[in-house]
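Q: One rule links them: number in my numbering = place in the sequence shown (from 1) + 100. Don't be surprised by glycine CBs; every beta carbon is placed ideally from N, CA and C.
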Amino acid sequence: MTCIELTDIGFSYIAGRKGIFSNLSLKFNPSEQVAIIGRNGSGKTTLAKLIIGMLKPSTGHINFDGKLIEKKSIAEIAEKVGYVFQNPNIMLFTNSVENELLLSLQRFNFTKNVKEEKINSMLDFFDIAKYRKIHPRLLSRGEKQKLALATVLIQDPDAIILDEPFSGIDMAQKIIIREFIGKLKDQKKLVIIITHDLDSVLEESNRVIALSSGKIVFDGKKTDFFKESKNLHKAGLTETYMLKMLYSLQQDGLPETILQRKEVIGFFSKRINDT
Ligand SMILES: Nc1ncnc2c1ncn2[C@@H]1O[C@H](COP(=O)(O)OP(=O)(O)OP(=O)(O)O)[C@@H](O)[C@H]1O
Ligand SMILES: [Mg+2]
């Protein structure tokens, strides 16, 4: 169970210039499903890299479970928080899918058999067993994305940050990734999803943090975020087809708290059965 707290964070890519963040404070609690949303360049990836220690804040502090991360190495942070990069190519280093997973287990003292078992279970779960001996560079975008997720999941961190997990993949791959996120939720992990895909926010998260030019313009419950379209506009985002449909169904009695597809179907099925 990991709790991450950022206090008064300031950060600039270019020393001496006005930074992307100043006085940014945020707290992530164990078992939360958080969506970080915002336009291109609003600072989502930078925020993730600060959390995992890849970038160092110029001011302020980041704590994990009450301990300052300045005092931890990147490897120590990685034990607590897994980060799946926006570009999966950055995460793949070896000459085969199986070696990629083996590399992720390097720091663990598991026996050869246990490692093998863990690798097999990841290959099966992500449906990539047939690529076991294949060079990761030869995989499609979606398959690379699944392998990148597997290399993080296999290390069993308490918290996972997924940076744009749904970009550039088709519906079938999306469904697998959604199942994967469901599995993380069942394991009570802190799941932070950085995304432009508002429809996936409706399905996957219970808290929304919206960034605009490095400022938090909304932090609260998903239901409160979607209640008012001005929240979307503050974050520079526009309504998706799904959201337009939900708002129109709300005119027909759908409660504002019902946002997931399954719940919407459940609500109207019940209404039909009751009439
Ligand atoms: N290595 C870098 N050097 C200088 N500026 C950078 C660097 N990386 C990002 N930036 C700038 O910092 C700002 C925030 O970038 P960041 O990548 O965090 O945004 P983002 O919200 O993740 O965007 P996207 O949705 O496109 O992934 C942008 O203005 C970007 O140009
Ligand atoms: Mg980004």
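#1: From residue 264 to residue 353, what does the alpha carbon distance come to, in whole angstroms?
#2: Whole angstroms are fine: how far does the CA of residue 363 sit from the CA of residue 304?
#3: Does DSSP put residue 61 in a helix, a strand or coil?
#4: According to DSSP, simplified to helix, strand and coil, what is residue 227?
#5: Relative to ligand 1, is the shortest distance from any of its heavy atoms to the C-beta of residue 140 smaller than 7 Å?
#6: Are residue 168 and residue 161 touching if we call contact CB-CB under 8 Å?
#7: Shortest alpha-carbon distance to residue 371 belongs to which of 355, 159, 359?
#8: With a threshold of 6 Å on Cβ separation, who are the neighbours of residue 314 within its own chain once the five nearest residues in sequence on each side are excluded?
#9: Please state if the CB of residue 293 and the CB of residue 148 are separated by a distance shorter than 8 Å.
#10: In terms of alpha-carbon separation, which member of 272, 166, 118, 241 lies closest to residue 192?
#11: What number of angstroms, rounded off, separates the C-alpha of residue 171 from the C-alpha of residue 325?
#12: Can you name the residues that DSSP bridges to residue 319?
#13: Using only the alpha-carbon positions, how far apart do residue 296 and residue 194 sit?
A: Taking the structure as given:
#1: Within the sequence shown, residue 264 is the residue found at index 164, counting from 1. Within the sequence shown, residue 353 is the residue found at index 253, counting from 1. Rounded to the nearest angstrom, the two C-alpha atoms are 33 Å apart.
#2: For this step, residue 304 is matched to residue 204 along the sequence shown. For this step, residue 363 is matched to residue 263 along the sequence shown. The alpha-carbon atoms of residue 304 and residue 363 are separated by roughly 13 Å.
#3: In the structure as shown, the chain begins at 101 and stops at 375. Residue 61 is therefore absent and cannot be evaluated.
#4: Taking the sequence shown and counting its residues from 1, the one referred to as residue 227 is at position 127. Three-state DSSP puts residue 227 in coil, outside helix and strand.
#5: Counting from 1 along the sequence shown, the entry for residue 140 is found at position 40. Checking the Cβ of residue 140 against ligand 1 gives yes.
#6: For this step, residue 168 is matched to residue 68 along the sequence shown. For this step, residue 161 is matched to residue 61 along the sequence shown. Cβ distance < 8 Å, so residue 168 and residue 161 count as in contact.
#7: One-based indexing of the sequence shown puts residue 371 at position 271. Selected option, being the one with the closest Cα: 355.
#8: Residue 314 sits at position 214 when you count from the first residue of the sequence shown. Result list for residue 314: 120, 121, 143, in chain order.
#9: Along the sequence shown, read from residue 1 onward, the residue named residue 148 stands at position 48. Along the sequence shown, read from residue 1 onward, the residue named residue 293 stands at position 193. Contact: no.
#10: Counting from one through the sequence shown, the residue named residue 192 turns up at place 92. When each option's Cα is compared against that of residue 192, the closest is 241.
#11: Against the sequence shown, residue 171 aligns to sequence position 71. Against the sequence shown, residue 325 aligns to sequence position 225. Looking at the two C-alpha atoms, the distance is approximately 36 Å.
#12: Taking the first residue of the sequence shown as position 1, residue 319 is located at position 219. Answer is 309.
#13: Taking the first residue of the sequence shown as 1, we reach residue 296 at position 196. Taking the first residue of the sequence shown as 1, we reach residue 194 at position 94. Straight-line Cα distance between these residues: approximately 30 Å.
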